[in-house]
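These notes are about the structure you will find just below.
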Amino acid sequence: MNLSIYTWGTGCAFGRELGLPPNRTRRHHVSSSIIGFENGEMRLHLLVDAGAPCVETMIDSGITRVPDVLFITHPHADHVSDFDKLAISRMRGLKFSGQVFAPLAVVASAECIANPTSGLRTRFGYLDFLLKWLPIPDYDVWYSLSAADGELLPTDSVSAQDKQFPVSFKALPVYHIQAPGACLFIFRFDEPRRKIVFSGDFDSIEESVIENHDLRDPDAMVLETNTLKAVRTNHSNWEVNKELIARWVTGKTKSLILLNHLSGSEDYEQGYYDHIPTDSDWAEEIGRFTPPANTDVVIAEDGKWYPIG
Numbered sequence: 001m002n003l004s005i006y007t008w009g010t011g012c013a014f015g016r017e018l019g020l021p022p023n024r025t026r027r028h029h030v031s032s033s034i035i036g037f038e039n040g041e042m043r044l045h046l047l048v049d050a051g052a053p054c055v056e057t058m059i060d061s062g063i064t065r066v067p068d069v070l071f072i073t074h075p076h077a078d079h080v081s082d083f084d085k086l087a088i089s090r091m092r093g094l095k096f097s098g099q100v101f102a103p104l105a106v107v108a109s110a111e112c113i114a115n116p117t118s119g120l121r122t123r124f125g126y127l128d129f130l131l132k133w134l135p136i137p138d139y140d141v142w143y144s145l146s147a148a149d150g151e152l153l154p155t156d157s158v159s160a161q162d163k164q165f166p167v168s169f170k171a172l173p174v175y176h177i178q179a180p181g182a183c184l185f186i187f188r189f190d191e192p193r194r195k196i197v198f199s200g201d202f203d204s205i206e207e208s209v210i211e212n213h214d215l216r217d218p219d220a221m222v223l224e225t226n227t228l229k230a231v232r233t234n235h236s237n238w239e240v241n242k243e244l245i246a247r248w249v250t251g252k253t254k255s256l257i258l259l260n261h262l263s264g265s266e267d268y269e270q271g272y273y274d275h276i277p278t279d280s281d282w283a284e285e286i287g288r289f290t291p292p293a294n295t296d297v298v299i300a301e302d303g304k305w306y307p308i309g
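In the numbering used here, the protein residues as written are 1 to 309.
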């Protein structure tokens with residue numbers, strides 16, 4: 001299976017401010033897909049977060065396979081702003097194309113789904129008839145979807161032929177302000193062996209999580225990089241992420257690092273720039289970084305795709 005990452009949205013929560021002229025190209029809320037191809041056909045579609053306008057961007061990009069599973073890193077609005085549209089559009093797409101309807105599997109931490117104030121089911125429970133909620137029982141455990149009933153099972157207890165899809169995944173906790181159950185996801189594909197990481201948004205990550213062996217040497221990582229230098233922004237910045245890349249990537253294998261969720265507003269507000277950093281400012285700053293061997297660091301763009309070697 002050949003894998004590609006599609007970044008439907010890579011901007012910050014406030015990509016375009018009302019009443020001001022647009023000054024950033026990354027305007028879409030956060031959403032990305034891993035799509036697996038066999039013989040030129042889409043055989044697997046995993047969607048990570050559902051920020052608007054991911055549905056329209058997928059359609060405009062010619063994506064013909066509806067998402068098989070939706071993974072949510074945390075319940076903030078800019079990661080779920082197309083959630084209900086996605087569920088309804090997917091249902092109607094399957095219906096009108098004559099395909100068998102199955103509820104959309106939604107995988108997230110238990111707290112992200114069930115938090116009584118801001119959990120996904122608290123806000124989107126009216127869509128229960130279109131969804132299959134799959135709370136992750138434990139962090140740092142590999143899970144797979146059962147082919148028999150679509151439930152989450154520890155990968156060690158599932159044979160390859162009993163997996164619904166040839167992929168396992170685990171969640172690790174991160175801290176992101178007012179985001180109950182925020183986590184990062186690691187995906188491990190069976191054939192060919194590939195590992196892809198989505199960091200989600202984070203203020204900080206516990207040292208024990210940073211040291212987790214499964215974060216080492218990903219084939220690809222979508223890494224939240226909200227600002228260049230600003231601190232105390234409730235998000236990660238480029239200065240922190242340079243250190244994380246150096247710790248996670250040894251250069252022994254080829255890695256693609258996609259920088260995501262770019263803003264820079266706080267870089268201006270905190271005086272690091274006399275303007276909100278432009279695309280060229282971002283490119284110049286990141287271009288000064290010497291990545292580990294065999295590693296490409298790329299600024300992700302709305303509606304672009306990146307093949308995984």
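We put the CB at the ideal spot given by N, CA and C, even for glycine.
Just so we're clear, the structure is a prediction, and the values are computed from it rather than from any experiment.
query                                                                                                                    : result
Backbone CA spacing between residue 205 and residue 97 [nearest angstrom]                                                : 43 Å
Residue 170 burial status per 10 Å Cβ neighbour count (16 or more: buried)                                               : buried
Secondary structure of residue 1, DSSP reduced to three states                                                           : coil
Between the CA atoms of residue 228 and residue 9 - distance to the nearest angstrom                                     : 19 Å
Beta-carbon separation (whole angstroms), residue 129 vs residue 83, contact threshold 8 Å                               : Actually they do not touch by this definition, with Cβ atoms about 15 Å apart.
Identity of the residues DSSP links to residue 173 by a beta bridge                                                      : 183
Opening and closing residue of the beta strand (DSSP E) in which residue 248 lies                                        : First-last for residue 248: 238 to 248, but that is the alpha helix (DSSP H), not the beta strand (DSSP E).
The alpha helix (DSSP H) enclosing residue 83, as first and last residue numbers                                         : 83 to 96
Cβ pair count under 8 Å reaching 3, the segment 212 to 227 against the segment 187 to 204                                : yes
Reduced DSSP category for residue 136 - H, G, I as helix; E, B as strand; rest coil                                      : strand
Alpha-carbon to alpha-carbon, residue 230 and residue 44                                                                 : 38 Å
Assigned secondary structure, residue 283 (DSSP; H/G/I helix, E/B strand, else coil)                                     : helix
Residue 124, enclosing beta strand (DSSP E) - first and last residue                                                     : Here residue 124 belongs to no beta strand (DSSP E); instead the alpha helix (DSSP H) covers 120 to 124.
Residues that residue 69 bridges to, as DSSP identifies them                                                             : 46, 105
Closest residue to residue 341 among 19, 1, 28 (Cα-Cα distance)                                                          : Because the chain spans 1 through 309 in this model, residue 341 falls outside it and cannot be assessed.
Residue 220 (DSSP reduced to helix, strand or coil)                                                                      : strand
Under the three-state DSSP convention, the category residue 231 falls into                                               : coil
In DSSP terms, what residue 214 is bridged to                                                                            : BP columns for residue 214 are empty, so no partner.
7 Å Cβ shell around residue 309 - same chain, five flanking residues per side excluded                                   : 254
Coil, strand or helix - residue 6 by DSSP                                                                                : strand
Whole-angstrom distance between residue 159 and residue 263, CA atom to CA atom                                          : 43 Å
Own chain partners of residue 238 with C-beta closer than 6 Å, once the 5 adjacent residues on each side are dropped     : 225, 228
Beta-carbon proximity check, residue 283 vs residue 257, cutoff 8 Å                                                      : no
Stretch-stretch touch, CB-based, cutoff 8 Å, three pairs: the segment 44 to 60 with the segment 76 to 90                 : yes
Reduced DSSP secondary structure (H/G/I, E/B, other) of residue 257                                                      : strand
Span separating the alpha-carbon of residue 91 from that of residue 235                                                  : 34 Å
Contact between the segment 149 to 165 and the segment 112 to 121 (3+ Cβ pairs under 8 Å)                                : no
Nonlocal neighbours in the same chain, by C-beta distance under 8 Å from residue 202, ignoring five residues either side : 174, 175, 176, 182, 184, 224, 235, 236
Residues bridged to residue 208 [DSSP beta-bridge criterion]                                                             : Its beta-bridge partners do not exist; DSSP assigns none.
8 Å Cβ cutoff met for residue 252 and residue 217                                                                        : yes
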